[in-house]
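In my numbering, the protein residues as written are 1 to 479. These notes concern the structure reproduced below.
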């Protein structure tokens, strides 16, 4: 079995590279395509995201758990993999019926149908990609190396070929490039693991995977209502500029949140195994450590994003996107909220088989979000959508605590978390001092560096357990 700490490090490398490359590429794309171009691409890509959601059913999360359970039984693992892969491909092909109908008959999409069809390549390559298999067998080294190579190639392509605001189709290819490249390599690389000769093809049973994926599918639909629907409702109720300002502002907080959520990708197989083997004390210890690791990162990222919102938007997106600053301010708290709710849902409720608690809590948030969008978007456009997102995410956490607190083994505020809060308060003074620097680029760089130095110094002085673990891992890597 792969090292859990090693998997966490590899997954963080993969996720952080996914954060660094957009930081490099998005400022360039935003300045070339402007808010209208960014808004159009994100509007259409959000619709494709819904189609991928329906064609994936609940397979990605379900399959990780199933592969993790049978990874030592090679014959069962191969049969399960082939069954889920066939189901996934068939569902993906059905998705193109929706693509054709939308591209042909919805005027708002038909105007840029070619871009829509390019973005739809995500559907079929997600179907064959089998990312869930590599997560289930904990092959995070392959995931990390493959992801880095594909991102580098896509980044080179963006700078070479996207030159002005008319290059939307090329930018569309860049948007889907990582998905297409990663999943194509995934499919080819399956030959290393998958041995069809071990499988009794007459015993394949595709349909028995459908029912258990439906609960997860319902969960994903509900979650998507207040993640992707904001962009779609903005697109239909306002214009491409409002979509561009909203997606640019939320992209900053989303990139940070993705890093925090990546911990669940690593923890899910291990947590599922501990629960299935009845090792509840070990499970509780792992979850508590995971929560401390989450808050170690989330609290300073949340506060730093709020304090540096203006320089971040200017440096990341450009002067045309100053309207995104309020969006960043309202969505920054979701860095902590989403981190906690994803951890509870993926690392606790799901391994316990309590998917229904996640569904109910997210359904509450979805209803809240839709109602608030209808009320606030006509009045405040992209800012209204941001406010709706914040309240919806908060309602998820409240519902989870009310419904499933008996399964949650950690305290939300303990001595270790109090240390992080103290360190962030001191960090904030340093960042605020940096905002007096005349140059906005130096505000951002100085704020990040000074904030990190103060935060780490306080934790070092307090002998924080997580920071000590990080230093120990770095020493081992160096040796």
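Beta carbons: idealized from backbone N, C-alpha and C, even for Gly. Just so you know, these numbers come straight off a predicted model, no measurement behind them.
Residue environment: residue 45 is assigned as buried (16 or more neighbouring CB atoms within 10 Å of its CB, all protein chains considered). Distance from the Cα of residue 149 is smallest, within the candidate group 169, 63, 180 and 167, for 180.
Remark: C-beta atoms of residue 119 and residue 170 do not approach each other more closely than 7 angstroms. Within its own chain, the residues whose Cβ lies closer than 6 angstroms to the Cβ of residue 161, once the five positions on either side in sequence are excluded, are 170, listed in chain order.
The beta carbon of residue 21 sits closer than 7 angstroms to the beta carbons of 151 and 155 from its chain, once the five residues preceding and following it are set aside; these are given in chain order. Within 10 angstroms of the beta-carbon of residue 251 lie 16 or more other beta-carbons, which makes it buried. Here the alpha carbon of residue 194 sits roughly 20 angstroms from the alpha carbon of residue 144.
DSSP, reduced to helix, strand and coil, places residue 317 within a helical segment of the structure shown. Around the beta carbon of residue 191, fewer than 16 other beta carbons lie within 10 angstroms, which makes this residue exposed. Close CB contacts of residue 37 within its chain, under the 7 angstroms cut and outside five residues either way in sequence, are with 165 and 168 (chain order). Here residue 297 is buried, its C-beta having at least 16 other C-beta atoms within 10 Å. The beta carbons of residue 256 and residue 305 sit about 7 angstroms from each other, so the pair counts as a contact at 8 angstroms.
In this chain, the alpha helix (DSSP H) harbouring residue 132 covers 131 to 136. By the Cβ neighbour-count rule, residue 230 is buried, with 16 or more other Cβ atoms within 10 Å of its own. A residue is called buried once 16 or more other Cβ atoms fall within 10 Å of its Cβ, and residue 419 is buried on that count. Residues 179, 180, 183 and 184 of the same chain have their beta carbon placed closer than 7 angstroms to that of residue 125, with the five preceding and five following residues left out of the count. Spatial neighbours of residue 410 in its own chain (CB-CB distance under 7 angstroms, excluding positions within 5 residues in sequence) are listed in chain order as 287, 288 and 291. Given a length threshold of 4 residues, each whole run of the alpha helix (DSSP H) inside the region 323 to 379 is given here in chain order: 325 to 331 and 334 to 342. Taking a contact to require three or more Cβ pairs closer than 8 angstroms, the region 314 to 322 and the region 364 to 375 do not qualify as touching.
Around the C-beta of residue 342, 16 or more other C-beta atoms lie within 10 Å, and the residue is accordingly described as buried.
Comparing alpha-carbon positions, the option among 112, 86, 243 and 65 lying closest to residue 350 turns out to be 65. DSSP places residue 384 in the helix class (H, G or I) of the three-state scheme.
Counting only runs that start and end inside the region 133 to 216, the alpha helix (DSSP H) elements of at least 4 residues fall at 140 to 161 and 168 to 189. Residue 246 is not a Cβ neighbour of residue 68, given a cutoff of 7 angstroms. For the 7 angstroms CB-CB criterion, residue 399 and residue 364 form a contact. Assigned with DSSP and collapsed to three states, residue 120 falls in coil, not helix or strand. Sixteen is the threshold: since fewer than 16 other Cβ atoms of the shown chains lie within 10 Å of the Cβ of residue 114, the residue is exposed. DSSP places residue 239 in no alpha helix (DSSP H); its state is neither H nor E.
Annotation: the continuous alpha helix (DSSP H) that includes residue 426 extends over 415 to 434.
Rounded to whole angstroms, the separation of the alpha carbons of residue 438 and residue 241 is 29 angstroms.
Within the same chain, 245, 248, 249, 313 and 317 come within 7 angstroms of residue 324 by CB-CB distance, once the 5 residues on both sides are set aside. Within the same chain, and ignoring the five residues on either side of residue 232 in sequence, the residues whose Cβ sits closer than 6 angstroms to its Cβ are 46. DSSP places residue 22 within a helical segment (H, G or I) once states are collapsed to three. Rounded to whole angstroms, the gap between the alpha carbons of residue 122 and residue 461 is 48 angstroms. Residue 469 sits in a helix when the DSSP states are folded into three classes. Contact check for residue 394 and residue 348: beta-carbon distance about 19 angstroms, past the 8 angstroms limit, so the pair fails to qualify.
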